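In what follows, a single structure is set out as structure tokens and then discussed.
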Amino acid sequence: MAAKERVLEAGVVLTPTALALAAALGNTGLGVHQRPRVALLATGDELLELGETRPGPHYTCNNRYLLGWMTRLQGGLPAHLGVAGDDPAEIEAKLTDTDADLVITTGGIGHGDRDFVPRVWENLGVMVHFRQINLSPGRYSALGSKGRQIFCALPGNPWAAQVVFSEIVGPMLRRWQGLSIRQIPMLPARLASSIRNSSGLYRAIRGALHNHEGTLVFQPQHSRAVSLFRQVQASQVYTLIPPNVEEIPSGSAVWVAWFDGPLMALAPWSS
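Following the working numbering from start to finish, the sequence shown increments by one per residue and tops out at 320.
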């Protein structure tokens, strides 16, 4: 290796190999970015904590755990604030004392009479930067700030929250940590069946990716005849369709993005 030759670039995830190279050259320490702390709060009277039971129709709160695991994949340090009902005072009490770098809530961000997160943000002095995005699912999402803290309000629907996290929160966490690769890496694939988008918003469609004779094939999972649980189980990637597309025929080239990965390590593309 020549003198003054660069061994490690700034903005990469440190791997065992990279650390071994640094050690071989006599480095006793390396400057790194601090991992962002991310507070997660789910809202909704219908939500139950894991193991909790209550009479009436309720749902186990899985989206907070989903986003917590996705936060870890992006290098963040999640802290769970629990569940708050559809009560502005309860939501505000949960958010008041957190000193996390990023504060994420799920649910309560639409325009209904039980969507209280915007009111809570106003009470807390959060400056709102946007309250809608051009994406379905996930249109009613919001971003705000207060001092050094960033506030992000995501939909209560787990699939909508997952895709908004992938498109907006994930790149933000990577930038926070000084990573040079901030956008979601995309893979080229061929459509296994046609898809369409008659709305004026970008549409995210989840699906499965498999190899067919050396070509990656994307199988959309958007049939109403298949349960949402089955669609989620069979999906690893998603694609974005531009607004007002009458049809993208089967066999067309599309770009797909991963939204899942192993929890044992950071996603491999981060390095």
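In this text, a Cβ means the ideal position worked out from N, Cα and C, and glycines have one as well. In this text the structure is predicted, and so the values were computed from the model without any measurement.
Same chain, Cβ closer than 6 angstroms to ARG255, neighbours up to 5 away in sequence not counted:
The sequence position of residue 255 within the sequence shown is 206, counting from 1. Excluding the 5 residues flanking it on each side, ARG255 has same chain C-beta neighbours closer than 6 angstroms at GLN270, SER284 and TYR287, in chain order.
Buried or exposed: GLY80, going by 16 or more other Cβ atoms within 10 Å of its Cβ?
For this step, residue 80 is matched to residue 31 along the sequence shown. That one is exposed.
Cutoff 6 angstroms; reference ARG224; Cβ partners in own chain excluding five residues on either side:
Counting from 1 along the sequence shown, the entry for residue 224 is found at position 175. Excluding sequence positions up to five before and after ARG224, its CB lies within less than 6 angstroms of the CB of ARG231, all in the same chain and listed in chain order.
Give the single residue among ALA142, PHE179, GLU54 and VAL303 whose Cα lies nearest to the Cα of ILE217.
The residue labelled residue 217 in the question sits at position 168 within the sequence shown. Measuring from the Cα of ILE217, the nearest candidate turns out to be PHE179.
Assuming LEU222 is part of the alpha helix (DSSP H), what are its boundary residues?
As a first step, residue 222 must be located in the sequence shown, where it is residue number 173. In this chain, the alpha helix (DSSP H) harbouring LEU222 covers 219 to 225.
Would DSSP call PRO269 helix, strand or coil?
Mapped onto the sequence shown, residue 269 falls at position 220. Three-state DSSP puts PRO269 in a strand.
Considering only the beta carbon of each residue, do LEU97 and HIS107 sit closer than 9 angstroms?
To locate residue 97, count along the sequence shown from 1; it is residue 48. To locate residue 107, count along the sequence shown from 1; it is residue 58. Yes, Cβ-Cβ distance for LEU97 and HIS107 is below 9 angstroms.
What does a CB cutoff of less than 6 angstroms around VAL56 pick up in its chain, not counting 5 residues either side in sequence?
As a working mapping, residue 56 is identified with position 7 in the sequence shown. Correct list, in chain order: LEU70.
Across the segment 302 to 309 and the segment 237 to 257, are there enough close Cβ pairs to call them in contact, namely three or more that are closer than 8 angstroms?
For the pair of segments examined, the segment 302 to 309 was found to touch the segment 237 to 257: the number of CB pairs separated by less than 8 angstroms reaches three.
Does the distance from the C-beta atom of ALA142 to that of ALA128 stay below 9 angstroms?
Locating residue 142 in the sequence shown gives position 93, counting from the first residue. Locating residue 128 in the sequence shown gives position 79, counting from the first residue. No, the pair does not count as a contact, with Cβ atoms beyond the cut-off.
Going residue by residue through the segment 174 to 225, where are the continuous alpha helix (DSSP H) segments of at least 4 residues, counting only ones entirely within it?
Counting only runs of 4 or more, we get 207 to 213 and 219 to 225.
For the segment 150 to 162 against the segment 201 to 214, do three or more pairs of beta-carbon atoms, one drawn from each stretch, fall closer than 8 angstroms, so that the two count as touching?
Segments in contact, yes.
Which residues in the same chain have their Cβ closer than 8 angstroms to the Cβ of GLY299, if we skip the five residues on either side of it in sequence?
Translated into the one-based positions of the sequence shown, residue 299 becomes position 250. According to the sequence shown, residue 299 is Ser rather than Gly. Contacts found: LEU240, ALA241, SER242 and SER243.
So, is GLN123 buried or exposed, given that buried needs 16 or more other C-beta atoms within 10 angstroms?
Here the question's residue 123 lines up with position 74 in the sequence shown. Buried, since its Cβ has 16 or more Cβ neighbours within 10 Å.
Report yes if the C-beta distance between VAL342 and ILE140 is below 9 angstroms; otherwise report no.
In the structure as shown, the chain begins at 50 and stops at 320. Residue 342 is therefore absent and cannot be evaluated.
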